[in-house]
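Scroll down for the structure; my scribbles are underneath it.
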Amino acid sequence: DTGVSQDPRHKITKRGQNVTFRCDPISEHNRLYWYRQTLGQGPEFLTYFQNEAQLEKSRLLSDRFSAERPKGSFSTLEIQRTEQGDSAMYLCASSSSEYNEKLFFGSGTQLSVL
Amino acid sequence: AQTVTQSQPEMSVQEAETVTLSCTYDTSENNYYLFWYKQPPSRQMILVIRQEAYKQQNATENRFSVNFQKAAKSFSLKISDSQLGDTAMYFCAFGSNSGTYKYIFGTGTRLKVLA
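For the record, the sequence lines run as chains A and B. Take 1 as the starting number for the first sequence in my numbering and just add one per residue. Take 115 as the starting number for the second sequence in my numbering and just add one per residue.
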């Protein structure tokens, strides 16, 4: 069990640029989640996948955000035309399909939009 | 829609003492899960304890226990014999059983254990 890994750990970008984050879940986990967390707040749900299918998206996820999970393995989260309000920690988590199995979180990607 | 409320933004406790963190939630579902997650300053979130709503018995994990009051929609976390390593943000979370598997988190309680 190597845990959930996220890359990069930190990303600084200029407003208007596109960014992409990667998440590698625990290998046997078929559910993968993306959350956004701002300072002093709890994680806000963005989207989740079961295998390669994206089953739910939050209304927080504007059309500038897109997530994929090709072949049900790793996942990417892309933000196009970044805005300063996108600055946050982006957390990835995975779980098995056993009913409400606990979430295993990655260390997150800290995004700063200048 | 489900909501999770943590009304204590910050708390402190002396080492070796006991502290209780509060959480209330709102849902129309009957079957669900509740969780407490810990996020230390290094920021990787880890599960502390889990409670199934259909179980009347309160969950315990070593020094951590919960007081689950289903009718009152209350789910508090008790930490006994507090240790310096317990210093962290604590998040209460709700897990649905309605066909959607997203988890809803509260805004967190920052706990500081004092030496």
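Idealized CB from N, CA, C, for every residue including glycine. Nothing here was measured: the structure is a model prediction, and the numbers come from that model.
Review point. Which residues does DSSP pair with residue 118/A in a beta bridge?
Key: No statement about residue 118/A is possible, as the shown extent of chain A runs from 1 to 114 and does not include it.
Review point. Under the three-state reduction of DSSP, which class applies to residue 86/A: helix, strand or coil?
Key: Start at 1 with the first residue of the first sequence, and residue 86/A comes out as number 86. Residue 86/A: helix per DSSP, three-state reduction.
Practice item. Quick one: grab the DSSP three-state call for residue 200/B. Key: For the purposes of this step, residue 200/B is identified with residue 86 of the second sequence, where counting begins at 1. If DSSP states are grouped into helix, strand and coil, residue 200/B belongs with the helices.
Exercise for review: Drop a sphere of 10 angstroms on the beta-carbon of residue 94/A, count the other beta-carbons inside from all chains shown, and report buried for 16 or more, exposed for fewer.
Suggested key: Reading the first sequence from its first residue, position 94 is the one you call residue 94/A. Flag for residue 94/A reads buried.
Exercise for review: Select from 156/B, 172/B, 187/B, 200/B the residue whose C-alpha is nearest the C-alpha of residue 132/B.
Suggested key: The residue you call residue 132/B lines up with position 18 of the second sequence. Out of 156/B, 172/B, 187/B, 200/B, the CA that lies nearest to the CA of residue 132/B is found in 200/B.
Check your understanding: Start and end of the beta strand (DSSP E) containing residue 194/B?
Key -> By 1-based counting over the second sequence, the position of residue 194/B is 80. From DSSP, residue 194/B is part of no beta strand (DSSP E); its letter is neither H nor E.
Review point. When the Cβ atoms of the stretch 49-65 of chain A are set against those of the stretch 116-129 of chain B, are three or more pairs found closer than 8 Å?
Key: Flag = no, the stretch 49-65 of chain A and the stretch 116-129 of chain B do not touch.
Review point. Do residue 109/A and residue 15/A have their CB atoms nearer than 8 Å?
Key: As a first step, residue 109/A is located in the first sequence; it is residue number 109 there, counting from the start. As a first step, residue 15/A is located in the first sequence; it is residue number 15 there, counting from the start. Taking 8 Å as the Cβ cut-off, residue 109/A and residue 15/A do not qualify as a contacting pair.
Point to revise | Assigned secondary structure, residue 72/A (DSSP; H/G/I helix, E/B strand, else coil) | key: As a position in the first sequence, residue 72/A is number 72, starting the count at 1. Residue 72/A carries a helical assignment under DSSP once its states are collapsed to helix, strand and coil.
Review point. Can you check whether the CB of residue 143/B is closer than 8 Å to the CB of residue 210/B?
Key: Residue numbering aside, residue 210/B sits at position 96 when the second sequence is read from its first letter. Residue numbering aside, residue 143/B sits at position 29 when the second sequence is read from its first letter. Yes, they are a contact pair.
Check your understanding: Counting only beta-carbon atoms, is residue 31/A nearer than 8 Å to chain C?
Key -> In summary, chain C is missing from the structure at hand, where the protein chains are A and B.
Point to revise | DSSP three-state assignment for residue 33/A, whether helix, strand or coil | key: The count along the first sequence starts at 1 and reaches residue 33/A at position 33. Three-state DSSP puts residue 33/A in a strand.
Practice item. Name, going along the chain, the residues of the stretch 38-62 of chain A whose beta-carbon falls closer than 7 Å to a beta-carbon of chain B. Key: Here the close residues are 41, 42, 43, 45, 48, 56.
Practice item. Could you confirm whether any beta carbon from chain A is found closer than 8 Å to the beta carbon of residue 100/B? Key: Since the first residue shown for chain B is 115 and the last is 229, residue 100/B is missing from the structure and cannot be characterised.
Review point. When the cut-off is 8 Å and only beta carbons count, does residue 107/A lie next to chain B?
Key: Counting from 1 along the first sequence, the entry for residue 107/A is found at position 107. Using beta-carbon distances, residue 107/A counts as an interface residue toward chain B, with a partner under 8 Å.
Practice item. Kindly give me the distance between the Cβ atoms of residue 83/A and residue 76/A, rounded to whole angstroms, as I take these residues to be in contact under 8 Å. Key: By one-based count along the first sequence, residue 83/A stands at place 83. By one-based count along the first sequence, residue 76/A stands at place 76. Their Cβ separation, rounded to whole angstroms, is 19 Å, which puts residue 83/A and residue 76/A out of contact at 8 Å.
Check your understanding: To the nearest angstrom, how far is it from the Cα of residue 61/A to the Cα of residue 96/A?
Key -> Position 61 of the first sequence holds residue 61/A. Position 96 of the first sequence holds residue 96/A. Distance from the CA of residue 61/A to the CA of residue 96/A, rounded to the nearest whole angstrom, comes to 24 Å.
Review point. How would you list, in chain order, the residues of chain A whose beta-carbon sits under 8 Å from the beta-carbon of residue 218/B?
Key: The residue given as residue 218/B occupies position 104 in the second sequence. Taking a Cβ-Cβ threshold of 8 Å, the residues of chain A close to residue 218/B are 45, in chain order.
Point to revise | Residue environment, residue 186/B, which counts as buried when at least 16 other CB atoms sit within 10 Å | key: Taking the second sequence and counting its residues from 1, one reaches residue 186/B at position 72. By the neighbour-count definition (other C-beta atoms within 10 Å, threshold 16), residue 186/B is an exposed residue.
Check your understanding: Hey, does residue 103/A have any beta-carbon neighbour from chain B nearer than 8 Å?
Key -> For the purposes of this step, residue 103/A is taken as residue 103 along the first sequence, with counting starting at 1. So yes, residue 103/A belongs to the interface.
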